[in-house]
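First residue of the sequence shown: 1305, per our numbering; consecutive thereafter.
No residue lacks a Cβ here, since even glycine has one placed at the ideal position from N, Cα and C.
I have placed the structure first, in the form of structure tokens, so that the comments after it can refer back to it.
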Amino acid sequence: MIRKIFSILLALLMIASSLYLGNLLLSEYLAFEPVIVFSWFSPATFIAPIPISFALIYHTGSLFYTEEVATRFCAKIIRYFMYATIIACMVSVMLVYFYTQLLEDKGYKPCPGVPSGYMPMMGTKYVTSLSLCKT
């Protein structure tokens, strides 16, 4: 019983933090500051709540009903969660492409090298003037 309640609270915390971080990143990206560090992995913060909510539904169902009822219910809806996850991944890839195109259309230029604090291939620094690449 305690384990199920802990699982529900943990899932809710993960969903809330993912949505908060996603909102924070989105507002930062749409501010169009002179220096933007964009990671292709950023849209994943919006995808993360989908599988986590599936686990939340299962644990909530098993808390109020039996585990067998929760398992049968989740077996019925798992197809929709798979579709939602696939669609969200496709939208995420499209968002990365369209956002980088938008940055280039607005005159941003990618800096050479890896931004500070990022692993190779994980982030790109975009600037309005190449002199800002050194900051």
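CB contact flag (A1431, Y1412, <8 Å): Along the sequence shown, read from residue 1 onward, the residue named residue 1431 stands at position 127. Along the sequence shown, read from residue 1 onward, the residue named residue 1412 stands at position 108. It is worth fixing the name first, because residue 1431 is Val in this sequence and not Ala. In this structure, Y1412 lies closer than 8 Å to V1431 by Cβ.
Can you tell which of I1381, H1363, L1334, F1350 has its C-alpha closest to the C-alpha of I1306? Taking the first residue of the sequence shown as position 1, residue 1306 is located at position 2. Comparing Cα-Cα distances from I1306 to each of I1381, H1363, L1334, F1350, the minimum goes to H1363.
Quick one, are the C-beta atoms of F1345 and F1385 less than 8 Å apart? One-based indexing of the sequence shown puts residue 1345 at position 41. One-based indexing of the sequence shown puts residue 1385 at position 81. The answer is no: Cβ separation not under 8 Å.
Alpha carbon to alpha carbon, how far is I1354 from A1320? Locating residue 1354 in the sequence shown gives position 50, counting from the first residue. Locating residue 1320 in the sequence shown gives position 16, counting from the first residue. Taking the straight line joining both Cα atoms gives about 12 Å.
Measuring CB to CB, does L1417 end up less than 8 Å from V1341? Reading the sequence shown from its first residue, position 113 is the one you call residue 1417. Reading the sequence shown from its first residue, position 37 is the one you call residue 1341. Looking at the sequence shown, residue 1417 is not Leu but Gly. Result no, Cβ atoms of G1417 and V1341 do not sit closer than 8 Å.
With a floor of 4 residues, list each alpha helix (DSSP H) that falls wholly inside the stretch 1357 to 1425, ordered by position along the chain. Counting only runs of 4 or more residues that sit fully inside the stretch 1357 to 1425, the alpha helix (DSSP H) segments are 1371 to 1409, in chain order.
If we call anything under 8 Å between Cβ atoms a contact, is L1360 one with L1406? Along the sequence shown, read from residue 1 onward, the residue named residue 1360 stands at position 56. Along the sequence shown, read from residue 1 onward, the residue named residue 1406 stands at position 102. Not a contact, by the Cβ cut-off of 8 Å.
Using a Cβ-Cβ cut-off of 6 Å (strictly less than) and excluding sequence neighbours within five positions of S1343, which residues of its own chain qualify? The residue labelled residue 1343 in the question sits at position 39 within the sequence shown. Counting only Cβ-Cβ distances below 6 Å, and skipping sequence neighbours, we find M1426, G1427.
When we look at the beta-carbon of T1370 and count the other beta-carbons within 10 Å, is it buried (16 or more) or exposed? Translated into positions along the sequence shown, residue 1370 becomes position 66. When all chains shown are included, T1370 counts as exposed.
Can you tell me where the alpha helix (DSSP H) holding K1308 begins and where it ends? Taking the first residue of the sequence shown as 1, we reach residue 1308 at position 4. Where K1308 is concerned, the enclosing alpha helix (DSSP H) stretches over 1306 to 1334.
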